[in-house]
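Below is one structure; the comments refer to it alone.
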Amino acid sequence: MELREAIMNRRSIRSFKKEEVDVSAIEELLEIARYAPNHKMTQPWRFVVLDRHDQAPLQHLIKSKKALKKGKPVPEEEPIADDAPSHMLAVIMNVNEKEKVYRDDYGAVSSLIQNFSLLAWEKGIGVVWKTPGFMQDEEMKKLLDIGETEELVGLLHIGYPAVVPKMKERDPLESKLRYGLTRDSE
Ligand SMILES: Cc1cc2nc3c(=O)[nH]c(=O)nc-3n(C[C@H](O)[C@H](O)[C@H](O)COP(=O)(O)O)c2cc1C
Numbered sequence: 001m002e003l004r005e006a007i008m009n010r011r012s013i014r015s016f017k018k019e020e021v022d023v024s025a026i027e028e029l030l031e032i033a034r035y036a037p038n039h040k041m042t043q044p045w046r047f048v049v050l051d052r053h054d055q056a057p058l059q060h061l062i063k064s065k066k067a068l069k070k071g072k073p074v075p076e077e078e079p080i081a082d083d084a085p086s087h088m089l090a091v092i093m094n095v096n097e098k099e100k101v102y103r104d105d106y107g108a109v110s111s112l113i114q115n116f117s118l119l120a121w122e123k124g125i126g127v128v129w130k131t132p133g134f135m136q137d138e139e140m141k142k143l144l145d146i147g148e149t150e151e152l153v154g155l156l157h158i159g160y161p162a163v164v165p166k167m168k169e170r171d172p173l174e175s176k177l178r179y180g181l182t183r184d185s186e
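The opening position of the sequence shown corresponds to residue 1 in full-length UniProt numbering, with each subsequent residue numbered one higher.
Here it is in structure tokens:
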């Protein structure tokens, strides 16, 4: 698959087939994705792979937090949905106290996630980068064993696509592009 084709045709996948993705395939994708650019070679990332079994308590925590926020009763832990991802990948970043380094590191992790998504797409594996509310809550951190100086950048849902959404057109480039500096005379 050509790179340009992968970039344009990759879609965020939110509905998955039952078929499991082999963890060795996920590892292979990470092995390559980590060649993402990262300033000063901070390599500010680490990962936790969650299979379907591990996803239930995580989903339960997210649903419970949502319910509590709306003043609704906490739901029972439900079995994982039929179209749930084969795996989730928690992408965890070191949080540097210097804002400049933090921003550079977030950029690096984002690049890695895009690499991962494109490489997965090339192999017929779908991914969505999810940033659910409550990602930075203490309970979530405890469940995923995220340290004091770390944060969760995303939960990547990974699996063979059951539904591929239509491409959402992007704004025309002309509306986002200009050449040269703004000068007082303009
Ligand atoms: C930082 C970031 C956070 C995102 N968080 C979510 C999310 O929480 N839930 C979700 O369904 N999609 C999430 N997405 C996916 C976007 O909704 C998706 O990229 C967008 O709709 C464009 O669709 P496409 O990726 O198929 O081109 C996120 C994407 C990014 C880059």
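Yeah, the Cβ is synthetic: ideal placement off N, Cα and C, and Gly gets one too.
| Item | Value |
| --- | --- |
| Expected contact under 8 Å - CB spacing of Ala162 and Ser15 to nearest Å | 4 Å |
| Residue range of the unbroken beta strand (DSSP E) whose run includes Asp51 | Trp45 to Asp51 |
| Spatial distance of Thr42 from Leu181 (CA atoms) | 33 Å |
| Gly71 Cβ short of 8 Å to ligand 1 heavy atom set | no |
| Alpha-carbon spacing of Thr131 relative to Lys142, whole angstroms | 17 Å |
| Under 9 Å between C-beta atoms of Ala6 and Leu112 | no |
| Spatially closest choice to Leu30 from Pro165, Glu19 and Leu156, by CA coordinates | Leu156 |
| For Pro57, the nearest candidate out of Ser86, Ile80 and Pro85 (CA to CA) | Ile80 |
| Own chain, CB closer than 7 Å to Arg46, minus 5 neighbours either side, in chain order | Ile92 |
| Contact test: Arg11 Cβ vs ligand 1 heavy atom, cutoff 8 Å | yes |
| Whole-number beta carbon distance between Asp145 and His87, since they are thought to touch under 8 Å | Incorrect: roughly 17 Å between the Cβ atoms, too far for contact. |
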